[in-house]
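Here is the structure we will look at.
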Amino acid sequence: MNQSIKSRIAPTPSGFLHLGNAYNFLVIYRETVVRRQGKLHLRIDDSDSTRVRDEYIQDIFDTINWLNIPINSGPKDLQDFKKHFSQLLKKDHYKAALEKVPGTFVCDCSRAFLKDNSCPCLKKKLIYKPGENAIRLSVQDSEIKKKMGDFVLWRKDDLPSYQLVSLIDDIDENINLIIRGDDLVDSTKAQFLLAELLNDKVFTSCSFLHHPLIKSEAGEKISKSQSEKNSSSMILKELRRDGTTREDLIKKFGFNSFEDFLNA
Ligand SMILES: [Zn+2]
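Shown next as structure tokens:
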């Protein structure tokens, strides 16, 4: 087995983690550590700082301990994260990467306008002004353009976008195995395109594995975007408080035991 496999667990602290996150963490653990004897990096994606709260960051550490997942690198606790790992500390670094991307343009269209119209800003040659406009990539690939549009690289609130941050961190951390829910397939394609534009050799030689999302009791797929409307029965913090164990959790995912899950 290859000893140099490195994957990452990369949650966003914009709410308390839910069942879908636990399933994703456990699949990453199984595929990386159990099946490939690889190493795991913890990345807490706090680039969208408007929604981040300390209790959400703490919840990530509590969840990883509860699931008993071994982490080889990344922040050890909340204080360590804030001091050494917050993505806000790397803003200049993301900006420098952005400046190397060819084919970007400034756009001042509203989301409502873009719903019914195509963006006319490429020709306008606007100057980026925080609070007024955003920086987008002019996407040439028709399939990605159809799904993702000319996606944002730098936001109106002067923060790097998820697509840019996630890619740059994967490159910086030398990640070579990326495991995500299949709600992120289009994101992966967008990031791959961005990596190619940056002449990157790390992300473009990664292995990718997209797993199906688990379904809630109501039969809905549990994705990141649904975390806000989750019922308390799906929130891990609540489950822990009620004494739920990892073994109980795995049964909610339809497996008889943790052993069964590892062999699935
Ligand atoms: Zn526009």
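Everything in the sequence shown is counted per my numbering, starting at 27 for the first residue and increasing by one.
Heads up, the beta-carbon is just placed ideally off N, CA and C, and yes, glycines get one too.
Being a predicted model, the structure only gives us computed values, none of them experimental.
- The segment 103 to 142 is shown to contain whole alpha helix (DSSP H) runs of 4 or more residues at 117 to 126 and 137 to 142, in chain order.
- Taking every residue with its beta carbon within less than 5 Å of a heavy atom belonging to ligand 1 gives, in chain order, Cys133, Cys135, Cys145 and Cys147.
- Around the CB of Gln217, 16 or more other CB atoms lie within 10 Å, so the residue is classed as buried.
- For Ser33, there is no enclosing alpha helix (DSSP H); the enclosing beta strand (DSSP E) has its first and last residue at Lys32 to Ile35.
- According to DSSP, Ile261 shares a beta bridge with His44.
- Taking 9 Å as the cut-off, the Cβ atoms of Ile240 and Leu93 do not count as close.
- Taking a 10 Å sphere around the C-beta of His110, we find fewer than 16 other C-beta atoms and assign the residue as exposed.
- In this structure, the beta-carbon distance from Pro39 to Asp71 falls below 9 Å.
- Straight-line measurement puts the Cα of Leu262 at about 29 Å from the Cα of Ile194.
- DSSP places Phe234 inside the beta strand (DSSP E), whose first and last residues are Ser233 to His237.
- For Ala216, the uninterrupted alpha helix (DSSP H) run begins and ends at Val211 to Leu223, by DSSP.
- If you draw a straight line from the Cα of Ile197 to the Cα of Thr230, it is about 9 Å long.
- With a cutoff of 9 Å on beta-carbon distance, Asn202 and Ile31 are scored as near each other.
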